[in-house]
Structures are given as structure tokens and as C-alpha cells.
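The numbering of the sequence shown is the numbering used here, which starts it at 3 and goes up by one.
C-beta atoms are modelled at their ideal positions from N, C-alpha and C, and glycine is treated no differently.
Here is the structure we will look at, set down as C-alpha cells.
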Amino acid sequence: MSQQGLMVSSLPSPITYNICQCLSSLEIVNACTAISKWKWIIFTPRVQNLLRRHMNRSAWLDRRLCELTLKQTSLSADYICQMVRYHSMQTDLFDRNFSEFAPVMTMQTFYCLILGPAVDAIGFLDSFYTTLIRLMDTNSKGKLFSHPVGWTGNGISIRIPVEGNTTSGDLLIEVSTLHARFKADRERQSSRVKDSFIVTSGHLTRQASSMIEVNDFVFYLVDAPQSHTSWDEIRCELTAISRSLSSKQTLVVISVCAASSVEDKEFDCVSEIARNLGGADRGPLAAAATNWRV
3 MSQQGLMVSS LPSPITYNIC QCLSSLEIVN ACTAISKWKW IIFTPRVQNL LRRHMNRSAW
63 LDRRLCELTL KQTSLSADYI CQMVRYHSMQ TDLFDRNFSE FAPVMTMQTF YCLILGPAVD
123 AIGFLDSFYT TLIRLMDTNS KGKLFSHPVG WTGNGISIRI PVEGNTTSGD LLIEVSTLHA
183 RFKADRERQS SRVKDSFIVT SGHLTRQASS MIEVNDFVFY LVDAPQSHTS WDEIRCELTA
243 ISRSLSSKQT LVVISVCAAS SVEDKEFDCV SEIARNLGGA DRGPLAAAAT NWRV
């Protein structure tokens, strides 16, 4: 491919840069992969910002992305290309297959348990449940679980439209919350695991185990600022949870941050949470024999 005898790979840098200004993040990655001499473009400020926005739009990590992002002290152009391609491929795969999954998903009710340090943070549930109440399914009575200490409510039934606005296209989810201790003790208790309703001596309590067992999804919410000691206890607690999950359950670790503190840094925040948990090779994520996302 040439013009007046000049190969594309030998185009002057300003022309190469101008070409890439017309491309999407994935197109730039594909071009830089095909033409090795263009890889310098990956590290220009404009393209770095473009790729960062691409990753921030859907900031998540699975085992493969953990391997790509956390094992490297500094990311090479090749690793950045692999990250963007993999992220785009997984997102496109989900979008293409979702229309097939949706009819099956809307024929059943999913049960979701929410727990973790952020759930126990004072003031968190006020705004969290304000959001859930907007989605509440007023036609459902909800499933009545057993009543272990630390458990909140009978479960809130929420309805999320997945195909248009028809009832047949709604996803029904029963949401319950499990706290580590009574509300009055949360601010006074410096330890996450001492006298906890969730874990004792490195193992799940009977009440926590029974709650986790009956849910399809376990959402573990972490507020990013934590001390070194707190991360040790979080890893201990989440490892016990991970080991109890079956292959039919899904673990989702969610980083909870103030929007103003993570604007344009969503992917960095998620990566920091995964790094503090020990990554994909050790710690609670390695202990999970099930599907998981951070």
C-alpha cells in the first residue's frame, strides 16, 4: 500500500499522527499492531487520553485484564494494545449475545446479596437505597429469607428494563444486605473481623454462609481508602466468601468512590482495588472458583 512510492509504515510522523486523529481507540490499537513503526503514537498525550477514556467508560477487570495490568510496573505499547483489544472484544461479545440471553434472564428472579466494608460505612446505605427504591417492583412481595444477625430487611425486589419498557423485558432481582455488625457498633469497632457476623477465625459464620448460599450474585463493596491493616482483614473476609461460592454463583467486587475523586480515573481506581486484593494469582480472587469481576 503506497502513494508515490512511499510505504504507509514510512509516512512522516505528522501525517501518521493526523491519520490517527480520525480513528477510534480500537482502530488506533489495530493500526499500531499491524504497523510496528506506529507504536510511538500510543504514548502521545492525545492517544493516551483517548485510550484512558475508552477503559473508563466500562471500568472492570477480570482474570485476563488483571494479568495484563497488574503484573507490569509500566505498561508497554504491546500490553496497552492487548488490554484495549481484549476489553473491546469482551464488551462487543456481551452486546452481541445479550439479545439471546435477555429472554431467558427475564423468565426468572435473581437473588443478590450485598455486603462489604462500604456497605458498613456510615451514611452509605442512605444514598444506595435511594437509588434502589426508584427501581422497586411494587408487585412483588419478595422472598423471605431467614433472619441472621446483621441481615437487613426481607429483600428489596427491583425491576430493571432490559428490552424496551415492557414487563416481559424486565430483569427481576431480589436484593438483600448483610452487615458485619450492628449499626451502633460500626463506628466504634476498628477491626473488620473481630466479633463480626460474617467471618470468625478465618471462616464464614453459619449465618453468613446460609445467606451467601441462596444468592446468585454476591456484591462485595469496598471503599478505596483503606489502611494496610484494613486490607489484611478485607482479604481475609473476602477469601472466606470466595471459597464458599459455587460455580453457579458470581462474585462482583465493586469499588465505591466519590464521583469527584475518580473522574477520568475509574479504571485506575478499579486496578488499585484489585492490586490491594492481591490480583488474580493470590488472595481472595485466586481463591474464587467461580466467575468474578472487579
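Run through DSSP, which three-state label would Cys114 get?
Here residue 114 refers to the residue found at position 112 of the sequence shown. In this structure, Cys114 counts as strand in the three-state DSSP scheme.
If you run the structure through DSSP and keep just helix, strand and coil, what is Arg295?
Your numbering for residue 295 matches position 293 in the sequence shown. Arg295: strand per DSSP, three-state reduction.
Go ahead and label Glu235 buried or exposed: buried means 16 or more other beta carbons lie within 10 angstroms of its beta carbon, across all protein chains shown.
The residue labelled residue 235 in the question sits at position 233 within the sequence shown. Per the 10 Å Cβ criterion, buried.
From this set, Gln84, Gln191, His56, which residue's C-alpha is nearest Ser27's C-alpha?
As a first step, residue 27 must be located in the sequence shown, where it is residue number 25. Out of Gln84, Gln191, His56, His56 has the C-alpha closest to the C-alpha of Ser27.
Using beta-carbon positions only, say whether Val201 and Leu223 come within less than 8 Å of one another.
Within the sequence shown, the letter at position 199 stands for residue 201. Within the sequence shown, the letter at position 221 stands for residue 223. Not a contact, by the Cβ cut-off of 8 Å.
Mind checking Ile135: buried by the 16 CB within 10 Å criterion, or exposed?
Against the sequence shown, residue 135 aligns to sequence position 133. Per the 10 Å Cβ criterion, exposed.
Hey, would you say Cys34 sits closer than 8 Å to Ile43, going by beta carbons?
By one-based count along the sequence shown, residue 34 stands at place 32. By one-based count along the sequence shown, residue 43 stands at place 41. Yes. Within cutoff.
Exposure of Asp172, with buried meaning 16 or more beta-carbon neighbours within 10 Å:
Taking the first residue of the sequence shown as position 1, residue 172 is located at position 170. Burial call: buried.
Rounded to the nearest angstrom, how far is the Cβ of Ser129 from that of Thr93, given a contact under 8 Å?
Here residue 129 is taken as the residue at index 127 of the sequence shown, counted from 1. Here residue 93 is taken as the residue at index 91 of the sequence shown, counted from 1. Actually they are not in contact, since the Cβ atoms of Ser129 and Thr93 sit about 28 Å apart, beyond 8 Å.
Within the same chain, show all residues whose beta-carbon is closer than 8 Å to that of Gln50, passing over the 5 residues directly before and after it, in chain order.
Counted from its first residue, the sequence shown places residue 50 at position 48. Taking Gln50 as the centre and dropping the five residues before and after it, the same chain places the C-beta of Ile44 closer than 8 Å to its C-beta, in chain order.
Alpha helix (DSSP H) runs contained entirely in the region 19-102, provided each spans 4 or more residues:
27-36, 47-59, 65-72
Just to confirm, are Gly281 and Thr241 a CB contact at a threshold of 8 Å?
Working through the sequence shown from its first residue, we reach residue 281 at position 279. Working through the sequence shown from its first residue, we reach residue 241 at position 239. Contact: no.
Would you mind giving the Cβ-Cβ distance between Leu287 and Ser246, rounded to the nearest angstrom? I have them listed as a contact below 8 Å.
Counting from one through the sequence shown, the residue named residue 287 turns up at place 285. Counting from one through the sequence shown, the residue named residue 246 turns up at place 244. Their Cβ separation, rounded to whole angstroms, is 14 Å, which puts Leu287 and Ser246 out of contact at 8 Å.
My output table needs one value for Phe199: the three-state DSSP class, helix, strand or coil.
To locate residue 199, count along the sequence shown from 1; it is residue 197. Phe199 falls in the coil class under three-state DSSP.
How about Ala226 and Glu176: do their beta carbons lie closer than 8 Å?
Indexing the sequence shown from 1 puts residue 226 at position 224. Indexing the sequence shown from 1 puts residue 176 at position 174. Against a cut-off of 8 Å, the Cβ pair of Glu176 and Ala226 comes out as no contact.
Under 8 Å between C-beta atoms of Ser249 and Ala290:
The residue you call residue 249 lines up with position 247 of the sequence shown. The residue you call residue 290 lines up with position 288 of the sequence shown. It is not a contact, given that the beta carbons lie outside the stated cut-off.
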